[in-house]
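Undergrad: Each residue of the sequence shown is one higher than the one before, counting from 1 in my numbering.
C-beta: ideal position from N, C-alpha, C; glycine also.
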Amino acid sequence: MRSAGYQPAEPLSVWIVTDGRAGIEAQALGLAEAIARRAPIAVTTKRIRLRTPWSWLPPGFIPAAQDALTIESDPISAPWPDIFIGCGRASVPFALGVRAWSNAKTFVVQLQDPRVNPREFDVVIPPLHDELEGQNVLPIVGACNRITSERLENAVSQYKSSQLEELPSPRFAILIGGKSKRQDISPARAREISDSLAAVQRETGGTLLATLSRRTSDAARMQFRTWLAPHCAVFYENEGANPYPAILGVADHIFVTADSVNMATEAAATGKPVHILAVDGQLGKLTKFHQSLARRGCARPFNGRLETWSYPPLLETDRAAAAVLTAWAAKHRAN
């Protein structure tokens, strides 16, 4: 266990507060797990949702957040944790609340851009491409995640008696996203992606291992099912055990659609070549994200020609965890 300069006598109580969406919760869990690799903690996961009309309001304008919770939400009540990790819009009012209700004794960490002045939190950890600045702001490339070499090894060993390791190499993990605010995968683009990846399989004699997102539209899904699935040893569509970490662990190369920050960051955490597949729509700030991956040697746009390269795994979650513990220790000593 690495020291953060101050080790608590008892495990730190840590709350993870999100709306329960898989991609959002994984970011908060990833940070908590990275903290746990450095100091003893006890984690409590809380999933919350706001009732209308409160869910329509900006996060900083919800006067009584606890009264705005839906009946199925987990309670947000004392005793307050040592560390609060919030991620996503719904968590912001409770991050602000817990800091006040605990008389600032709870150390409040907010992931992503909270759209509230960063000074209202102890630490804010946004993606670098959001260009948020402040004394207590720690920008990272992409998003916090749960990817570690140990987790990937365990996933591979547990996946159907390790049959993945027996598949012909090179093995290609294919991570397909879908619709977001500004991007989507049209049926035509899905067919183009399928054809280009089938060509990679033919040229290399390797193995395609694909997983589709819940965001993948039915129309795009049909194209992938028709033109990509026949070439895949694994083709996952959200039924049964998710092979996502296992195929990341066994892959020699990773292909990921350009719409997803989470998937690209997780891919880059493996240290394996990451090929970005173009999607439809405007990338906006995602262009800066892809550029930051490229500058670190993690990812390149896929233009139909397979390239191989190496780079140190992108371990931004570990960097964030070390910074959080250092800041928490400094505040604890000051109090």
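Taking the Cβ atom as the reference point for each residue, do LEU209 and ILE247 lie within a distance shorter than 8 Å?
TA: The residue labelled residue 209 in the question sits at position 209 within the sequence shown. The residue labelled residue 247 in the question sits at position 247 within the sequence shown. Yes, the Cβ-Cβ distance between LEU209 and ILE247 is below 8 Å.
Undergrad: Indicate the three-state DSSP secondary structure (helix, strand or coil) for LEU286 in the structure shown.
TA: In the sequence shown, counting from the first residue as 1, residue 286 sits at position 286. In the structure shown, LEU286 sits in a helix (DSSP, three-state: H, G or I).
Undergrad: What is the DSSP secondary structure of ALA233, counted as helix, strand or coil?
TA: For the purposes of this step, residue 233 is identified with residue 233 of the sequence shown, where counting begins at 1. Note: ALA233 maps to strand in three-state DSSP.
Undergrad: Using DSSP's beta-bridge definition, name the partner residues of GLY86.
TA: Residue 86 sits at position 86 when you count from the first residue of the sequence shown. According to DSSP, which records beta bridges pairwise, GLY86 is partnered with VAL17 and GLN110.
Undergrad: Which one of TRP227, SER213 and VAL250 has the shortest CA to CA distance from ASN238?
TA: Residue numbering aside, residue 238 sits at position 238 when the sequence shown is read from its first letter. Here the closest residue by C-alpha is SER213.
Undergrad: Please state if the CB of ILE125 and the CB of VAL109 are separated by a distance shorter than 8 Å.
TA: Your numbering for residue 109 matches position 109 in the sequence shown. Your numbering for residue 125 matches position 125 in the sequence shown. For VAL109 and ILE125, yes; Cβs fall inside 8 Å.
Undergrad: Kindly indicate which three-state DSSP category VAL116 falls into: helix, strand or coil?
TA: Position 116 of the sequence shown, counting from 1, holds the residue named residue 116. VAL116 falls in the coil class under three-state DSSP.
Undergrad: Along the alpha helix (DSSP H) that carries LEU138, what are the first and last residues, could you check?
TA: Counting from one through the sequence shown, the residue named residue 138 turns up at place 138. Unbroken run through LEU138: none, as it is neither H nor E.
Undergrad: Could you please give me the residues that DSSP links to LYS46 through a beta bridge?
TA: By 1-based counting over the sequence shown, the position of residue 46 is 46. DSSP output for LYS46 lists VAL17 as bridge partner(s).
Undergrad: Since CYS87 contacts GLN112 with CB under 8 Å, what's their CB separation in whole angstroms?
TA: As a working note, residue 87 is residue 87 in the sequence shown. As a working note, residue 112 is residue 112 in the sequence shown. At roughly 6 Å, the Cβ-Cβ gap stays under 8 Å, so CYS87 and GLN112 are in contact.
Undergrad: Using 8 Å as the threshold, is the C-beta distance between ARG38 and LEU325 below it?
TA: Within the sequence shown, residue 38 is the residue found at index 38, counting from 1. Within the sequence shown, residue 325 is the residue found at index 325, counting from 1. Closer than 8 Å, so yes.
Undergrad: Is it a yes or a no for the stretch 214-227 touching the stretch 263-278, going by three-plus beta-carbon pairs under 8 Å?
TA: In short, these stretches do not touch, since the Cβ pair count stays below three.
Undergrad: Using a threshold of 8 Å, state whether the C-beta atoms of ALA299 and LEU283 are closer than that.
TA: Here residue 299 refers to the residue found at position 299 of the sequence shown. Here residue 283 refers to the residue found at position 283 of the sequence shown. Taking 8 Å as the Cβ cut-off, ALA299 and LEU283 do not qualify as a contacting pair.
Undergrad: Can you name the start and end residues of the alpha helix (DSSP H) that PRO93 belongs to?
TA: Along the sequence shown, one-based indexing puts residue 93 at 93. Segment 92-101, the alpha helix (DSSP H) holding PRO93.
Undergrad: Can you give me the start and stop residues for the alpha helix (DSSP H) that THR204 sits inside?
TA: Residue 204 sits at position 204 when you count from the first residue of the sequence shown. First-last of the alpha helix (DSSP H) with THR204: 187-204.
Undergrad: Does the separation of the CB atoms of VAL256 and GLN183 fall below 8 Å?
TA: Taking the sequence shown and counting its residues from 1, the one referred to as residue 256 is at position 256. Taking the sequence shown and counting its residues from 1, the one referred to as residue 183 is at position 183. Not closer than 8 Å, so no.
Undergrad: Take ARG215 and list the residues in its own chain whose beta-carbon comes closer than 6 Å to its own, dropping the five residues that flank it on each side.
TA: As a working note, residue 215 is residue 215 in the sequence shown. Answer for ARG215: GLY177, GLY178 and LYS179, listed in chain order.
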